[in-house]
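Q:
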């Protein structure tokens, strides 16, 4: 059993702020995949794990901003979850480090574990979808694996950006069907197109419009 203590204690508590979720039947148990989710709160960083891990019994490796490794508490949590650090452009050797991070994510996928990506790269301040980066498309094309879209509704009300205490609100989550892009060839145009298709599907799941 993956994370036995987390599954017995953390998940039931975490779900107190989750009203309901849909589409669990779309999650494959017999092959790896890439999870793409919208991001508006620290609450939704753990939510995909809470929903999906009990079904697949595998670790989910999230791509996370490297700055969270500077705090010993968050570092311990991220290392426990075998998360992958992603470096911003102004960090030293960021290009080299991100290439290593990319290879690490591909390694987890080859091993059979899912990888979680928040294509927007940062939390939305108001819950509305922001322009996404093409990293999700690069991983998809390189791994030749499908993307599982996950739309999270209301997480920004549970724990708004800039706040540290959970509010008495509840959110919802909707899992879409697997998206395949194995017929695409890698170039700047297709990277943008794939990213846009993924974000439009997330937008559909949460009842928003992706305008980019």
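Numbering (the working numbering), first residue to last: 2 to 213.
Even glycine gets a Cβ: it sits at the ideal position worked out from N, Cα and C.
Everything numeric in this text was worked out from a predicted model, so none of it was measured.
1. Which residue from 174, 91, 23 and 191 puts its Cα closest to that of residue 47?
2. In terms of residue numbering, what span does the beta strand (DSSP E) encompassing residue 58 cover?
3. Which residues mark the beginning and the end of the alpha helix (DSSP H) in which residue 76 is found?
4. Checking the sheet assignment: what are the DSSP bridge partners for residue 52?
5. If we require 3 or more residues per run, which beta strand (DSSP E) segments fall completely within the segment 151–181?
6. Which of the three DSSP states is assigned to residue 133 in this structure?
7. What residues in its chain sit with their C-beta under 6 Å from that of residue 157, if we drop five residues either side in the sequence?
8. Only counting the same chain, and skipping five residues up and downstream in sequence, which positions put a Cβ closer than 8 Å to that of residue 44?
9. In the DSSP assignment, find the alpha helix (DSSP H) that holds residue 103 and state where it starts and stops.
A: From the atom records:
1. 174
2. Per DSSP, residue 58 belongs to no beta strand (DSSP E) and is neither H nor E.
3. Its alpha helix (DSSP H) spans residues 73–81.
4. Answer is none; residue 52 lacks a bridge partner.
5. 172–176
6. coil
7. 41, 42 and 128
8. If we look at residue 44 and ignore the five residues flanking it on each side, its Cβ neighbours are 18, 156, 159, 160, 167 and 172.
9. 95–112
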